Amino acid sequence: MREIPEVIEVLELRQSYGDYEAVRGVSFTVRRGELFALLGTNGAGKTTTLEVVEGYRPPTSGSVRVLGLDPYADGPALRRRTGVMLQEGGFFKELTVRETVDAWRRFTGRARATADVLGRVRLDTKAGTRVGQLSGGERRRLDLALALLNDPELLFLDEPTTGMDPEARRTTWQLVRELRAAGTTVVLTTHYLEEAQQLADRVAIMDAGRITAAGTVAEVLSGRRSRITFPLPPGAAASDLPRLPGADLAVQGAAVSYAVARTAPALAVLHEWAGSRGVELDGIEVRQASLEDVFLALAADRSAVPGERGASPT
Ligand SMILES: Nc1ncnc2c1ncn2[C@@H]1O[C@H](COP(=O)(O)OP(=O)(O)OP(=O)(O)O)[C@@H](O)[C@H]1O
Ligand SMILES: [Mg+2]
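Anchor point for the sequence shown: position 199 equals 198 in numbering that gives the first Met the number 0, and the numbering is continuous, going up by one each time.
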């Protein structure tokens, strides 16, 4: 059989709950072996989109193909090949971790050994603990273990690291990287923009039911301005600060921040200005635009122009 490079094809997906349209014409593709991250504000429609792609609900309109199948009509066939970590997994609190995994294994063909999956998510020491007594981050890891039971070729992770401490988050990132290196296609949503920046081959930013920016992280960041920041030097006033070529200046208290298109000419002017005044630019930092900057800029654009919902996806 010909290998289809697109594992997921979503075209003009719309999804309504009663009168409320939560997803308003979303299109994207996910290729085999890549990690695709859906980002966006609370209520943007990420979970709704995932639920349609996972086959839990039929689309109100538009088309969705996953592994060449119709995810809703071909649900059972799809579920054998996919793993799903819901945003809010439901567990029986009275069961232990081991009993929970064992229960799920009975419904899963080709299931991995319980000890094996618990080891992968570093929950082996909690096997005898009741699920109701797990911490929030541990419960997310149990969710992840269940999603990995059938060695899925396509894995959906809805906010996989919410509630995890920084170390558990990094362990999870490492696991996701290993899965991807082994050929698993991964679709995740996250509010941790660093997570997307670290893991994703491509991202889509959703806002109010639409995709407002999409592409590789580099593409989404291209054309975004870098930031030069430093504390206002002692003896200098905000009004003394120089204008920099193609830059916007913001001063909040003693914090100076320039948004610049090109850093070298901007730094040259700053250097000259500091030299001529005999002040130091201690604590100066130059930072490339991050996904967080894009995210905040898109949100600011929306609140600045009522009714405008940003650009169409690229
Ligand atoms: N079952 C439902 N019935 C009615 N409205 C719903 C339902 N599920 C979600 N919504 C609404 O649809 C919108 C999109 O919700 P969704 O859960 O897809 O957002 P999200 O992007 O995943 O947000 P978050 O980042 O908070 O998880 C929200 O306004 C939400 O209130
Ligand atoms: Mg959600």
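Glycine included, each C-beta is placed from N, C-alpha and C at the ideal position. Fair warning: this is a prediction, and the values are worked out from it, not measured in the lab.
Cα-Cα separation between residue i and residue j, rounded to whole angstroms
i: L49; j: A180; result: 23 Å
i: D200; j: R169; result: 18 Å
i: P264; j: A203; result: 32 Å
i: L297; j: E93; result: 44 Å
i: G182; j: D150; result: 11 Å
i: G44; j: Y19; result: 11 Å
i: Y71; j: Y55; result: 6 Å
i: A146; j: E53; result: 12 Å
i: A299; j: V9; result: 28 Å
i: L295; j: A288; result: 11 Å
i: L280; j: A260; result: 20 Å
i: L37; j: T28; result: 12 Å
i: L122; j: L12; result: 38 Å
i: L220; j: T128; result: 44 Å
Under 8 Å between C-beta atoms of residue i and residue j
i: R97; j: L148; result: no
i: A249; j: L231; result: no
i: L143; j: T99; result: no
i: L243; j: V255; result: no
i: V186; j: L178; result: no
i: L174; j: R119; result: yes
i: G282; j: F229; result: yes
i: F106; j: V130; result: no
i: R258; j: D247; result: The question names Arg, but residue 258 is Ala in the sequence shown. Yes, the pair counts as a contact, with Cβ atoms nearer than the cut-off.
i: I227; j: T188; result: no
i: T161; j: R139; result: yes
i: L66; j: R80; result: yes
i: R209; j: R23; result: yes
i: A126; j: T95; result: yes
i: T59; j: Q14; result: yes
i: F155; j: V83; result: yes
i: L192; j: E284; result: no
i: A213; j: V293; result: no
Burial state of residue i (16 or more Cβ within 10 Å)
i: D157; result: buried
i: E137; result: buried
i: A102; result: exposed
i: L198; result: buried
i: D206; result: buried
i: L326; result: No answer is possible for residue 326: it lies beyond the span of the chain, which begins at 0 and ends at 313.
i: Y16; result: exposed
i: E194; result: buried
i: A267; result: exposed
Simplified DSSP assignment, three categories, for residue i
i: Q196; result: helix
i: P230; result: strand
i: R56; result: coil
i: T113; result: helix
i: E8; result: strand
i: E98; result: helix
i: F294; result: helix
i: D18; result: coil
i: S221; result: coil
i: G89; result: coil
i: S121; result: According to the sequence shown, residue 121 is Arg rather than Ser. In this structure, R121 counts as coil in the three-state DSSP scheme.
i: A299; result: helix
i: R286; result: strand
Legend entry - Around ligand 2, Cβ to any heavy atom closer than 7 Å, ordered along the chain: For ligand 2, the selected residues are K45, T46, Q86, D157, E158, T188.
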